[in-house]
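Worksheet: one structure, shown below.
Below, the structure written as structure tokens:
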């Protein structure tokens, strides 16, 4: 199917979203809805895409090209219906000899497996294929109609349906495939707008194809997979369904989610075998967790890597560029950004490590801060193998702590520390005998007056 083309309709303004952002760019599991549709098409073996957008929707084309670099973008000047939208992409499908699939940018749960089934029907001789589903409540959907021989004969939009047709529960998802550009072009040329909304419905192509004696077939999917998102509440429903799908996949691959419903993943999250993830953990995009790692509760990760057998949390935050090597530890209330924590190193409590390298088996005490930003630029801190950083220390970058060096608690280190040296910057401690007792006595007298 290397010649197949996905025509993705993405011109809807999404007025029910109450947003300045085009509907198909609203996020789901870390990516725009449109991106999920394009990835499903690519995974199904459909390498080419044509995006149909509305006027002024350059951002939609840019988002599509980020997923499918050679995607062509076409503008539908007026929203006159789905058939009119497909016509806007004529330069793309007119030059495509292979199958043509019409998809929608607001159906982000569509699976590659279903699209493969559609392509399979085309390979088996179908001229037109529709994805249908059975709805518990079919209100608002077009209904699939069959002739007396069980062949798909048409699709009736609900506003144009009879009472008997409205009682049908086999519904149209809107997703269709055509064997060739010749068949699609011919059918589009004969679609009119004699209907309740005065629009050009792509669904009318089914009745025309059936009347021409072409083979029209249905591929069934579940209702969740073809859910269209038109509002914020529907987006939340889709997010919940996507998260359930992602969680099931990582558990099937050998990870343990202690409370799956509280763990949120992104579309590109990679989790290895025998990983244990405790409740209330969030994975933004670009996160990889290697085999055997343990993630304690209430952690947040973004563009981060956790090595095999490492332990993180609870209440840890890994920002972009955080890299925890195998067997390393990052504990409670630790934040790491753009830093490599080497094998066996420990950063266990109340610590910020930014723009740094922490060597193997180094120990970072509680309350340590790498001061990496001087108000103008970021600077790096290098902590050597086996170094010990005492609690409540500040390392002012750029600075290097040598292998095996020791930094005393409460120090502010602004110069390099040689290997195996001790560095500390504490002020001299003073004691005043009896001072506290005198203060308590004085305050007691003041209160009695």
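Residue numbers (our numbering): 997 to 1445. Note that CB positions come from ideal geometry on N, CA and C, so glycine has one too.
What does a CB cutoff of less than 6 Å around residue 1015 pick up in its chain, not counting 5 residues either side in sequence? Within its own chain, no residue has a Cβ closer than 6 Å to the Cβ of residue 1015 once the five positions on either side in sequence are excluded.
Of all the options 1132, 1183, 1373, 1222, which has the alpha carbon lying nearest to the alpha carbon of residue 1207? 1183
Give a yes or no on whether the C-beta atoms belonging to residue 1398 and residue 1413 are separated by under 8 Å. yes
Please report the Cβ distance between residue 1309 and residue 1328, rounded to the nearest whole angstrom; I am assuming they are in contact, meaning their Cβ atoms lie under 8 Å. 7 Å
Return the first residue and the last residue of the beta strand (DSSP E) that residue 1344 is part of. 1342-1350
Would you list the residues sitting across from residue 1336 in a DSSP beta bridge? Answer by DSSP bridge pairing, in chain order: 1319, 1353.
Quick check: what's the CA-CA separation for residue 1294 versus residue 1317? Per the coordinates, the alpha-carbon of residue 1294 lies some 20 Å from the alpha-carbon of residue 1317.
Presumed contact (8 Å Cβ cut-off) between residue 1091 and residue 1071, rounded CB distance: Contact doesn't hold; Cβ gap of about 18 Å is too wide.
Check the DSSP bridge columns for residue 1100 and list the partner residues they point to. 1005
In the DSSP assignment, the beta strand (DSSP E) including residue 1422 goes from what residue to what residue? Looking at the DSSP string, residue 1422 is not in any beta strand (DSSP E), and its letter there is neither H nor E.
At least 3 beta-carbon pairs within less than 8 Å: the segment 1020-1037 vs the segment 1235-1244: Enough Cβ pairs lie closer than 8 Å, so yes.
Tell me which residues share the same chain as residue 1266 and place their Cβ nearer than 8 Å to its Cβ, disregarding the 5 neighbours each side in the sequence. 1283, 1284, 1285
To which residues of the same chain is residue 996 closer than 6 Å at the C-beta, ignoring the five residues directly before and after it? Not covered by the structure: residue 996. The range shown for the chain is 997 to 1445.
Helix, strand or coil at residue 1364 according to DSSP, with G and I counted as helix: coil
Taking 7 Å as the limit between beta carbons, can you name the residues of its chain near residue 1280, skipping five residues before and five after? 1026, 1262, 1297, 1298
Residue interval of the alpha helix (DSSP H) (run including residue 1207): Annotation: the continuous alpha helix (DSSP H) that includes residue 1207 extends over 1200-1207.
Residue 1063: first and last residue of the uninterrupted alpha helix (DSSP H) it sits in: First-last of the alpha helix (DSSP H) with residue 1063: 1054-1063.
Could you name the residues of the same chain whose beta carbon sits closer than 6 Å to that of residue 1219, not counting the 5 residues immediately before and after it, in chain order? 1129, 1131
Shortest alpha-carbon distance to residue 1242 belongs to which of 1050, 1437, 1421, 1256? 1256
Same chain, Cβ closer than 7 Å to residue 1059, neighbours up to 5 away in sequence not counted: 1021, 1028, 1030, 1031
Chain-order list of residues whose beta-carbon lies under 7 Å from that of residue 1006 (same chain, five-residue window excluded): 1020, 1030, 1047, 1048, 1049, 1056, 1101
Using the rule of at least 16 other Cβ atoms within 10 Å of the residue's Cβ for burial, across every protein chain shown, is residue 1359 buried or exposed? buried
So, under 8 Å CB-CB, residue 1003 and residue 1089 are touching, yes? Tell me the CB distance rounded to an integer number of Å. 6 Å
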